[in-house]
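One structure is given here, and the rest of the page talks about it.
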Amino acid sequence: MKLRFILRGWWRIVKYLSLLVLALFMTIFLAGHPIAAIAQSTVPEVVIPDTIPEAIAPQPLQEIRGVWLTENDHDILRDRPKMQEAVSQLTRLNLNTIYPVVWNSGYALYPSAVAQRADIQPFVRKGLQGQDILAELAKEAHRQGLLVIPWFEFGFMTPPTSELALNHPEWLTQRRNGNQTWIGAAGEVVWLNPFLPEVQKFITDLVLEVVTQYDVDGIQFDDHTSLPNEFGYDRYTLALYKQETKRNAPANPQDPAWVRWRADKITAFVTQLNQAVKQRKPNAIFSVSPNPYITAYNTYLQDWLTWVRQGIVDELIVQVYRPDLQSFVEQISRPEIQEAQRKIPTGVGVLTGLRNKPVPMPLIQNKVRTARDRGLGVSFFYYESLWENSPEPIAERVSNFQSLFDSPASRVAMR
């Protein structure tokens, strides 16, 4: 009896100690792994709804305040005194980033050995004083504290009469009916095949030429680093699709699998381009300025949200060229933009006017304030239209732009 009592008591002690050890282990585990975190790992990814609350996002660490310098601004860029005064004016407006065009209509707008080797460049673009326009702009902008991010505006697009299209017809893609031309804001153009290795190498070489030979802070592509969804029916692309999927390309250019395959190919190229740029200049800002996401992906095979999620984009400026404030707000409140804001400096493109379509200053002011209230930066399209051909007198227009940003917001290249 005594032995049985001793054994029973010993068993209770062992049982108690086991429970004590288990409790201690759970306390330590939960301290390092909060329940919310544990639950999060088992919950499937939530689909972001189309509508979102009107919460005010925090201001980004580096607010984008930019302006594009287009071919319409060429008279300013090529004249050294005018260029210097333009940069000074942008500094007085408390802007911090310049996006000068360097690739337009199938031509490099700087002395390019790559373009010369490709037999597409019958001229060398220089300033009135014989200067390298891009080199001098970068030097002056940096002296005044602004970033310079060259803009490869035309991407895979080129006019059908350009040397690029005429001398390299094998680089072009087409619709299912064989037609190669497309009408857009730039007029009649053709599209380089973004899936063709020769095209990818050419574009990559152009970009690396700028990154390595100029003291610039990054590079930017816009909505033309893409392909309209009705294109991609050239012989090379059809054979590649069949090789990889064992199926013929769908006749419907909007077929979801066909759209996804082509968009993924463009994403793969952008990934490789990003890696090539970072190898040459690790601090370079890899910037993109696409259309709003639904249009960009469905219509132009440009899956920029995946680019953001995969970390191959350092800066995003979504072109939101809407004619009224309500439609502008609807676009900048999209969940895709909010997601990008949490990861990288994000802004929106604000149209300040076209030569045949001026934009009134009150609309510009309201758009800028609305964007900034949501933690978004802005970039103006384009320099000349800030005050030229505007509904208001130039002096009034300049004064209104000066009041948009009451203090500087410096930016530095990513480190």
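In terms of this note's numbering, the sequence shown opens at residue 2 and continues consecutively.
Ideal Cβ placement from N, Cα and C applies to all residues, glycine included.
(1) Of the choices Arg335, Phe381, Lys358, whose alpha-carbon is the least far from that of glycine 350?
(2) Quick test of the definition: if touching needs 3 or more C-beta pairs under 8 Å, does the stretch 221-235 touch the stretch 185-201?
(3) Between Pro363, Arg356, Ser408, Glu316, which lies nearest to glutamate 340 when the distance is taken from Cα to Cα?
(4) Is there contact between the stretch 87-107 and the stretch 146-159, where contact requires at least three CB pairs shorter than 8 Å?
(5) Along the chain, which unbroken stretches of the beta strand (DSSP E) at least 3 residues long are found entirely within the stretch 59-139?
(6) In whole angstroms, what separates the C-alpha of glutamate 337 from that of tyrosine 294?
(7) Hey, how far is the Cα of glycine 67 from the Cα of leucine 364?
(8) I need the boundaries of the beta strand (DSSP E) containing leucine 352, first residue and last residue.
(9) Give the DSSP bridge partners of glutamine 221, in chain order.
(10) Around the Cβ of alanine 142, are there at least 16 other Cβ atoms within 10 angstroms (buried) or fewer (exposed)?
(11) The beta strand (DSSP E) that contains tryptophan 192, what's its start and end?
(12) Please state if the CB of proline 101 and the CB of tryptophan 1 are separated by a distance shorter than 8 Å.
(13) Considering only DSSP beta bridges, list what tryptophan 183 is partnered with.
(14) Work out the CA separation of leucine 352 and leucine 241 for me, nearest whole Å.
(15) What does phenylalanine 381 pair with, by DSSP beta-bridge criteria?
(16) What did DSSP end up calling proline 161 once you bin it into helix, strand or coil?
(17) Report yes or no: do three or more beta-carbon pairs, one from the stretch 302-314 and one from the stretch 239-256, lie closer than 8 Å?
(18) How would you label threonine 159, buried or exposed, when you count the other beta carbons within 10 angstroms and need 16 or more for buried?
(19) With a threshold of 7 Å on Cβ separation, who are the neighbours of valine 212 within its own chain once the five nearest residues in sequence on each side are excluded?
(20) Just to confirm, is the Cβ distance from leucine 70 to isoleucine 99 under 8 Å?
(21) Please say whether leucine 207 and leucine 138 have beta carbons closer to each other than 8 Å?
(22) Suppose you measure from the CA of asparagine 178 to the CA of aspartate 235; what does that come to, to the nearest Å?
(23) For arginine 348, does the count of other Cβ atoms within 10 angstroms reach 16, so buried, or fall short, so exposed?
(24) What separation, rounded to the nearest whole angstrom, lies between the Cα atoms of valine 319 and alanine 252?
(25) By how many angstroms is the C-alpha of proline 123 removed from the C-alpha of tyrosine 111?
(26) If I measure Cβ to Cβ from alanine 410 and keep anything under 8 Å in the same chain, skipping five residues before and after, which residues do I get?
(27) Here's the rule I'm using: 16 or more other beta-carbon atoms within 10 Å means buried, otherwise exposed. How should valine 418 be labelled?
(28) Going straight from the alpha carbon of serine 290 to that of alanine 109, what length do you get?
(29) Could you check whether serine 163 and glycine 107 sit closer than 8 Å to each other, using their CB atoms as the reference points?
(30) Which residue's Cα is closest to the Cα of glutamate 199: Leu129, Tyr215, Thr174?
(31) Mind checking which residues open and close the beta strand (DSSP E) that includes asparagine 317?
(32) If you follow the alpha helix (DSSP H) that alanine 252 is part of, which residue opens it and which one closes it?
(33) For leucine 173, write down the residues that DSSP places opposite it in a beta bridge.
(34) Take alanine 264 and list the residues in its own chain whose beta-carbon comes closer than 6 Å to its own, dropping the five residues that flank it on each side.
(35) Nearest-angstrom Cα distance between valine 379 and tyrosine 215?
(36) Compare the C-alpha of tryptophan 259 against each of Thr246, Phe157, Asn401 and name the closest.
If we stick to the structure as given:
(1) Along the sequence shown, read from residue 1 onward, the residue named residue 350 stands at position 349. Cα-wise, what sits closest to glycine 350 is Phe381.
(2) yes
(3) Here residue 340 is taken as the residue at index 339 of the sequence shown, counted from 1. Closest by alpha carbon: Glu316.
(4) yes
(5) 66-70, 98-101
(6) Position 336 of the sequence shown holds residue 337. Position 293 of the sequence shown holds residue 294. The alpha-carbon atoms of glutamate 337 and tyrosine 294 are separated by roughly 7 Å.
(7) Here residue 67 corresponds to residue number 66 of the sequence shown, with the count starting at 1. Here residue 364 corresponds to residue number 363 of the sequence shown, with the count starting at 1. About 18 Å.
(8) Counting from 1 along the sequence shown, the entry for residue 352 is found at position 351. Start and end: 347-352.
(9) Within the sequence shown, residue 221 is the residue found at index 220, counting from 1. BP columns for glutamine 221 point to Trp152, Ser288.
(10) As a first step, residue 142 is located in the sequence shown; it is residue number 141 there, counting from the start. By the neighbour-count rule (16 or more Cβ atoms within 10 Å), alanine 142 is buried.
(11) Within the sequence shown, numbered from 1, the residue matching residue 192 stands at position 191. Its beta strand (DSSP E) spans residues 188-192.
(12) Outside the modelled stretch of the chain, which goes from 2 to 416, sits residue 1, for which no answer is possible.
(13) On the sequence shown, position 182 is the one that residue 183 refers to. According to DSSP, tryptophan 183 bridges with Val190.
(14) Taking the sequence shown and counting its residues from 1, the one referred to as residue 241 is at position 240. Taking the sequence shown and counting its residues from 1, the one referred to as residue 352 is at position 351. Roughly 39 Å between the two C-alpha positions.
(15) The residue you call residue 381 lines up with position 380 of the sequence shown. DSSP lists Val68, Val351 as partners of phenylalanine 381.
(16) Residue numbering aside, residue 161 sits at position 160 when the sequence shown is read from its first letter. Here proline 161 sits in coil by DSSP.
(17) no
(18) Locating residue 159 in the sequence shown gives position 158, where the first residue counts as 1. Result: buried.
(19) As a first step, residue 212 is located in the sequence shown; it is residue number 211 there, counting from the start. Once the five neighbours on either side are set aside, the close Cβ partners of valine 212 are Ile220, Val278, Arg281, Lys282, Ala285.
(20) The sequence position of residue 70 within the sequence shown is 69, counting from 1. The sequence position of residue 99 within the sequence shown is 98, counting from 1. Result yes, Cβ atoms of leucine 70 and isoleucine 99 sit closer than 8 Å.
(21) Stepping through the sequence shown from its first residue, residue 138 is reached at position 137. Stepping through the sequence shown from its first residue, residue 207 is reached at position 206. No. Outside cutoff.
(22) As a position in the sequence shown, residue 178 is number 177, starting the count at 1. As a position in the sequence shown, residue 235 is number 234, starting the count at 1. Cα to Cα, asparagine 178 sits roughly 10 Å from aspartate 235.
(23) Taking the sequence shown and counting its residues from 1, the one referred to as residue 348 is at position 347. One point to set straight first is that residue 348 is glycine, not arginine, in the sequence displayed. So glycine 348 ends up on the buried side.
(24) The residue given as residue 319 occupies position 318 in the sequence shown. The residue given as residue 252 occupies position 251 in the sequence shown. Taking the straight line joining both Cα atoms gives about 31 Å.
(25) Locating residue 111 in the sequence shown gives position 110, where the first residue counts as 1. Locating residue 123 in the sequence shown gives position 122, where the first residue counts as 1. So the two alpha carbons sit approximately 12 Å from each other.
(26) Residue mapping note: residue 410 aligns to position 409 of the sequence shown, counting from 1. Same-chain partners within the cutoff: Gln63, Glu64, Arg66, Asn95, Asn97.
(27) Since the first residue of the chain shown is 2 and the last is 416, residue 418 is not available in this structure.
(28) Position 289 of the sequence shown, counted from the first residue, corresponds to residue 290. Position 108 of the sequence shown, counted from the first residue, corresponds to residue 109. Each residue's alpha carbon lies about 19 Å from the other.
(29) As a working note, residue 107 is residue 106 in the sequence shown. As a working note, residue 163 is residue 162 in the sequence shown. Yes, the pair counts as a contact, with Cβ atoms nearer than the cut-off.
(30) Your numbering for residue 199 matches position 198 in the sequence shown. Taking only the C-alpha atoms, the option nearest glutamate 199 is Thr174.
(31) As a first step, residue 317 is located in the sequence shown; it is residue number 316 there, counting from the start. The residue asked about is misnamed: residue 317 is leucine in this sequence, not asparagine. Leucine 317 -> beta strand (DSSP E) spans 316-320.
(32) Looking up residue 252 in the sequence shown gives position 251. First-last for alanine 252: undefined, no H or E at that position.
(33) For the purposes of this step, residue 173 is taken as the residue at position 172 of the sequence shown. Paired residues: Leu193.
(34) Within the sequence shown, residue 264 is the residue found at index 263, counting from 1. Here the set comprises Leu302, Asp304.
(35) Reading the sequence shown from its first residue, position 378 is the one you call residue 379. Reading the sequence shown from its first residue, position 214 is the one you call residue 215. Distance between the alpha carbons of valine 379 and tyrosine 215 is about 25 Å.
(36) Taking the first residue of the sequence shown as 1, we reach residue 259 at position 258. Nearest C-alpha to tryptophan 259: Thr246.
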